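Remarks on the structure that follows.
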Amino acid sequence: MNQRPASGGTPLVPVASLEEFFRDSVDAALAANHVTVERDTSHYVVRLLTLFARADACYAAGDGARHRPLALMLADALDAPGSEERAVALQRLGDMSLFTAGFFAEALRDRSVGLDYYVNMGGSAYRSLACSGHASPRLQALAAIFAELAAKFISMVDVLHEVRDSARGATDHDILRLYETWLHTGSPRAGRLLRQIGIEPSQQARTPWAH
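What follows is the structure, given as structure tokens:
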């Protein structure tokens, strides 16, 4: 099969499926960032990316072409009539937070809430799900995955940053964006990239809400 150059001149590498592309990309990004997760957790993230690659999967029914705010998604979970409905709403909140923080961090700079808000909301949603395993067999099967995503949320955001940049073929990084990301989240990847270009992040500069 011939490779067709993309608009930037980079050859397109044929893959059997979008899921295979994301699996290879996530595996490479995990290794590059020295992040270790269980295979089930990696598979969950790959499936999430494959689903969200379809634009309409990012929007809840009734929201049209508009992203439903995280606060309203949390309200959906709190107002859910049953434990399974609550779990579905929390899972969507966690998934959307992880995807947005990983792929659209730059866009969050122009919003009233920043990257740290998505990190906190997503991590809390997954943490709640991990503690709700007794509610249903489905949640029990996923509890360990949600617990690991909650514990390693910032690391997984770094992994998705790596996936995004490798898909773009990016080789340069916005220093201010990297430093801002490190200040707000303590991202190990942002810190590592800053050190590679000669900037040593200072703990004293960290914002009070970073963790």
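Numbering (our numbering), first residue to last: 1124 to 1334.
Note that CB positions come from ideal geometry on N, CA and C, so glycine has one too.
Since we're looking at a predicted model, the values are computed, not measured.
Proximity of residue i and residue j at Cβ, strictly below 9 Å
i: alanine 1266; j: leucine 1213; result: no
i: alanine 1172; j: valine 1286; result: Checking the sequence, you will find leucine at residue 1172 rather than alanine. Yes, these two residues count as a Cβ contact at 9 Å.
i: phenylalanine 1276; j: glycine 1246; result: yes
i: leucine 1174; j: methionine 1196; result: no
i: glutamate 1271; j: glutamate 1161; result: yes
i: phenylalanine 1222; j: leucine 1141; result: no
i: serine 1259; j: glutamate 1303; result: no
i: proline 1311; j: asparagine 1156; result: yes
i: alanine 1152; j: valine 1158; result: yes
Segment limits, alpha helix (DSSP H) that includes residue i
i: valine 1169; result: 1162-1175
i: phenylalanine 1145; result: 1141-1155
i: aspartate 1199; result: 1193-1201
i: serine 1310; result: It is not in any alpha helix (DSSP H) - serine 1310 carries neither H nor E in the DSSP assignment.
i: glycine 1217; result: 1206-1226
Proximal residues to residue i (C-beta, below 7 Å), its chain only, five neighbours per side dropped
i: alanine 1200; result: Arg1209, Ala1212, Leu1213, Leu1216
i: valine 1242; result: Ala1224, Phe1276, Ile1277, Val1280, Thr1308
i: glycine 1256; result: Leu1262, Gln1263, Ala1266
i: proline 1192; result: none
i: arginine 1300; result: Glu1229
i: valine 1168; result: Val1149, Met1279
i: alanine 1273; result: Gly1246, Tyr1249, Arg1250, Ala1253
Sequence-distant residues of its chain with Cβ nearer than 6 Å to residue i (five each side left out)
i: leucine 1231; result: Gly1237, Leu1238
i: serine 1220; result: Tyr1241, Met1244, Gly1245
Same chain, Cβ closer than 8 Å to residue i, five either side skipped, listed in chain order
i: aspartate 1163; result: Ala1267, Ile1268
### Query
At which residue ranges does the segment 1233-1263 contain complete alpha helix (DSSP H) runs of 4 or more residues, listed in the order of the chain?
1238-1253, all fully within the segment 1233-1263.
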